[in-house]
Each structure stands twice: as structure tokens, then as C-alpha cells.
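Trainee:
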Amino acid sequence: LVADIKPALHEGTNVIAVSIFNETHLGGLSGGASLAILGGKSSGVWKRSLFNGLAQVIVQSEREGSGTFRLRATAPGLKSGEAPIQITAAATPPSVENPSSDLVLTHWMQSPVSKQAPDPNITVAENDMNTWTSVQAGTPQDFSGGSWALLRCRFTPSRDIQSNGGQILFKEITGSAEVFVDGVKAGAKQSSDPVPLQIQLPPKEGTRTVTIRVHAADLQKAGLTGSVSVGAIP
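Under our numbering, the first residue of the sequence shown is numbered 1, with each subsequent residue one higher.
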């Protein structure tokens, strides 16, 4: 038996096909060939039939292997064959950092602007498509005609945050603001300056509702002037 091989195998990162053939018996070998591997592992079976004198086996080295491993083929009535395969170090594959698992809250609803502080727990009918306006975090909201408005978002956190709690990070809020989570006040900022705000999100299953009561004072543009994200507590 003779083995036809590639000269080298990268440690644990790729596989190679080793061909085993009978130089003198081209009509097949009913007993098949038995394979023994020293120093590596095979992803195929360990006994192969020779079809028209030829068989093939897929081999792979162990991860962080080194040196040489040998594939030995034997068959009754034939001289055994052995294939030495050199194991070489494999370069570390390129990778990228895992993207953030934070949930970004982009789409919000804004209540009509008013001159008086609105009730943060006011309810809106499911079929009400006209009273509240769809807005996006990161784009200043319009406060023409008044100085108060509510901004609301409903979302479902990840399972981990539902179980263990997390945090809501407002990258920038312009105007003074109070933040309510499921109707309970969770944080506030007194200054009208555009600054970040971080609040805790208690553990709870299911959908959450965050409402921000913004007081723009004499500002025409205020509200969520930065992005909003929900993530685990560092």
C-alpha cells in the first residue's frame, strides 16, 4: 500500500485527504485496509474498502499539536504503507470584537406640547394614531407652542436584563427631565443643558415602558438629543 499526501498540516485548523492505493492490485481488495493513526485524529472511519485499488481518508491533527503524526495502512497479503505528516503551527485567525449587545431605543412617541406639566402616566389608546407624534432619539424634538412634553418608548429587554436588571443610558437630554419606568420615577436631571443621564432598570419580565417628562423652558428644540440604549450593568 502507498499513501499519497500533502507534506504538512496546520495544527487543529484544517484537514487533509490522504489517498491510499494498491500499486499491484487494481481490481479492488475485498478485505479492505485497516488504518492506524499516531499523533492525530481522523474524521472518517478506521477501516476502508479499496475500490479499484484506491481509498481515501480525511485526517486532522489535534489542536496545538506539533511534530509529526503518522497514518499507517495495512491489508492482508500486502505490504503496509505509512504516511508521515508534518504538523505546522497555524496563524491566529483574524477576528473582530463582538458587537455591543445593548438594545438601542431609537423610536419614541411624543405627546402634544403643553404649557403645563403633563401626567407622566397618561394612557394613549392603541388606535390613537394622531395625538402623539413619532420621533427619533438623537434628533431634537420641537417644543413650539409650549414648554412641556412626554416622550415614551415601549420595549422588551433581553432575557438576562429581565432576570438581573440593567441600565438605561441617555447619551444626551436637552432640557430638564424626569424619567419614569413602568410609571415609577427612576431618575431626573435639573439642568436644561444637554448632558447624559443614566438610570437603573429593575428586573422584570416582559415589556417595559419608559416615559420622559421634558421641560424645555424657553428652548424651541429639546428632548432626546442623543441616543438611548439599554444594557447590562458593568
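Note that beta-carbon positions come from the ideal geometry of N, C-alpha and C, so glycine has one too.
Looking at Gln-116: is its Cβ nearer than 8 Å to the Cβ of Trp-148?
Mentor: Counted from its first residue, the sequence shown places residue 116 at position 116. Counted from its first residue, the sequence shown places residue 148 at position 148. Yes, these two residues count as a Cβ contact at 8 Å.
Trainee: Would you check if the distance between the CB atom of Val-104 and the CB atom of Ser-192 is smaller than 8 Å?
Mentor: Within the sequence shown, residue 104 is the residue found at index 104, counting from 1. Within the sequence shown, residue 192 is the residue found at index 192, counting from 1. Cβ atoms of Val-104 and Ser-192: not closer than 8 Å.
Trainee: Excluding the 5 residues flanking Gly-231 on each side, which residues of the same chain have their C-beta closer than 8 Å to its C-beta?
Mentor: Counted from its first residue, the sequence shown places residue 231 at position 231. Closer than 8 Å at Cβ, skipping near neighbours: Ser-100, Ser-101, Asp-102, Leu-103, Ile-161, Gly-166, Gln-167 and Leu-169.
Trainee: Just to confirm my understanding: we take Arg-208, look at its own chain, exclude 5 residues before and 5 after, and list those with CB closer than 8 Å. What are they?
Mentor: As a working note, residue 208 is residue 208 in the sequence shown. Arg-154, Phe-155, Thr-156, Pro-157, Val-181, Asp-182 and Leu-201.
Trainee: Looking at Ile-20: is its Cβ nearer than 8 Å to the Cβ of Val-57?
Mentor: For the purposes of this step, residue 20 is taken as residue 20 along the sequence shown, with counting starting at 1. For the purposes of this step, residue 57 is taken as residue 57 along the sequence shown, with counting starting at 1. For Ile-20 and Val-57, yes; Cβs fall inside 8 Å.
Trainee: Does the separation of the CB atoms of Gly-187 and Val-214 fall below 8 Å?
Mentor: For the purposes of this step, residue 187 is identified with residue 187 of the sequence shown, where counting begins at 1. For the purposes of this step, residue 214 is identified with residue 214 of the sequence shown, where counting begins at 1. Taking 8 Å as the Cβ cut-off, Gly-187 and Val-214 do not qualify as a contacting pair.
Trainee: In terms of residue numbering, what span does the alpha helix (DSSP H) encompassing Ile-161 cover?
Mentor: Locating residue 161 in the sequence shown gives position 161, counting from the first residue. Following the DSSP letters along the chain, one finds Ile-161 inside the alpha helix (DSSP H) bounded by residues 159-164.
Trainee: When you compare only the Cα positions, how much space is there between Thr-131 and Ser-111?
Mentor: Walking along the sequence shown from the start, residue 131 turns up at place 131. Walking along the sequence shown from the start, residue 111 turns up at place 111. Distance between the alpha carbons of Thr-131 and Ser-111: 7 Å.
Trainee: Could you tell me the distance, in whole angstroms, from the CA atom of Gly-138 to the CA atom of Ala-222?
Mentor: Residue 138 sits at position 138 when you count from the first residue of the sequence shown. Residue 222 sits at position 222 when you count from the first residue of the sequence shown. Each residue's alpha carbon lies about 10 Å from the other.
Trainee: Does the distance from the CB of Ser-163 to the CB of Gln-220 come in under 8 Å?
Mentor: One-based indexing of the sequence shown puts residue 163 at position 163. One-based indexing of the sequence shown puts residue 220 at position 220. No, the Cβ-Cβ distance between Ser-163 and Gln-220 is not below 8 Å.
Trainee: With distance defined between alpha-carbon atoms, name the residue in Pro-234, Ile-16 and Ala-217 nearest to Asp-142.
Mentor: If you number the sequence shown from 1, residue 142 lands on position 142. For Asp-142, the nearest C-alpha among the options comes from Ala-217.
Trainee: How is Lys-221 classed by DSSP in three states: helix, strand or coil?
Mentor: Residue numbering aside, residue 221 sits at position 221 when the sequence shown is read from its first letter. Three-state result, Lys-221: strand.
Trainee: Output the distance between the C-alpha atoms of Pro-140 and Lys-171, rounded to the nearest integer angstrom.
Mentor: Residue mapping note: residue 140 aligns to position 140 of the sequence shown, counting from 1. Residue mapping note: residue 171 aligns to position 171 of the sequence shown, counting from 1. The alpha-carbon atoms of Pro-140 and Lys-171 are separated by roughly 13 Å.
Trainee: For the beta strand (DSSP E) that contains Ile-122, what are its first and last residues?
Mentor: Counted from its first residue, the sequence shown places residue 122 at position 122. Counting along the chain, Ile-122 falls outside any beta strand (DSSP E), and DSSP gives it neither H nor E.
Trainee: For Arg-152 versus Val-210, is the C-beta spacing smaller than 8 Å?
Mentor: Residue 152 sits at position 152 when you count from the first residue of the sequence shown. Residue 210 sits at position 210 when you count from the first residue of the sequence shown. Yes, they are a contact pair.
Trainee: On the DSSP bridge assignment, give the partners of Gly-187 in chain order.
Mentor: Residue 187 sits at position 187 when you count from the first residue of the sequence shown. Note: Gly-187 sits in a beta bridge opposite Val-179.
Trainee: For Ala-125, count neighbouring Cβ atoms within 10 angstroms of its own Cβ and tell me buried if that reaches 16, exposed if not.
Mentor: If you number the sequence shown from 1, residue 125 lands on position 125. That one is exposed.
Trainee: Taking C-alpha atoms, which residue in Pro-203, Val-184, Pro-234 and Leu-197 lies nearest to Asp-119?
Mentor: One-based indexing of the sequence shown puts residue 119 at position 119. Looking at the Cα atoms, Val-184 is the closest of the given residues.
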